[in-house]
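Add 47 to the 1-based position in the sequence shown for the working numbering, that's all there is to it.
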Amino acid sequence: MRLQTEREQVVEYCRKLGASGLSPGTSGNVSVFDAATGLMAISPSSMDYVLLGAADVVVMDLSAAVAEGARRPSTEAGMHLACYRARPDIGAVVHTHSPQATTLAVLGWDLPAVHYMLGLSGEATLRCAPYHQFGSAELAAAAVDTMGAGYACLLQNHGVLAAGPDIGHAWALAEQIEYCAGLYLRARAMGEPRILDDEQMAAVIARFSAYLAQR
Ligand SMILES: [Zn+2]
């Protein structure tokens, strides 16, 4: 079986996703990219993650052809592939419909730096991509464009795209985005949240980058 390690990572993080409550039902999806072969391992469409095994994970190349796997790939496979095509520094992608971040996406709002952990995204502000239909090439293009040089964005009326050099980073970012979105919503309900400025966030991002470089 090709991409055994990456397949197992997809299974492990799909199980985490299912248990975390970050995405209802089978709405989230996970992929890991292997730069050496140019292949992506991605979760299958509409499969209960409790039942998922490595053999169910679909392997695709960058042209979106299935290289190995009997199941249909996630409907958002195009969005995952667009990330890997555009950004050689991205090695994994996690997509969720996590409720608090998606609340911001429903409002079409960006998420400002209410907490330094948002710096895991590589940007001071998490921007919201305009709405396009799920699974469409337009959505994939808008997500990559909105992500810019960072690792994440919100998707209007849809959810969250979080990426990283590896699956551990992409997952941590998806969790932190949900945490920060919750902080922002509660703080906005109570008053006017203080937002970290660009200089403060640049210092945080530099420290996260140095930490990443040491791994
Ligand atoms: Zn989705």
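Where a beta carbon is used, it is the ideal one built from N, C-alpha and C, also for glycine.
Answer yes or no: the CB of residue i versus the heavy atoms of ligand 1, is any distance below 6 Å?
i	result
Gly206	yes
CB residue i to CB residue j, shorter than 7 Å?
i	j	result
Leu202	Ser145	no
Val105	Pro91	yes
Tyr60	Ile252	no
Ala148	Glu225	yes
Thr143	Val97	no
Can you give me the start and stop residues for the alpha helix (DSSP H) that residue i sits inside?
i	result
Leu30	Missing from the structure shown is residue 30; the chain here goes from 48 to 262 and no further.
Glu115	Looking at the DSSP string, Glu115 is not in any alpha helix (DSSP H); the run it does join, the beta strand (DSSP E), is 113-115.
Ala217	214-237
Asp244	Where Asp244 is concerned, there is no enclosing alpha helix (DSSP H), given that its DSSP letter is neither H nor E.
Ends of the beta strand (DSSP E) at residue i?
i	result
Gly206	206-211
Ala66	Counting along the chain, Ala66 falls outside any beta strand (DSSP E), though it belongs to the alpha helix (DSSP H) covering 51-67.
Ala47	Since the displayed the chain opens at 48 and closes at 262, residue 47 lies outside it and no answer follows.
Check the C-beta distance from residue i over to residue j and give it rounded, since I have them as a contact under 8 Å.
i	j	result
Leu151	Ala228	5 Å
Inside the segment 133-188 only - beta strand (DSSP E) runs reaching at least 3 residues = 139-143
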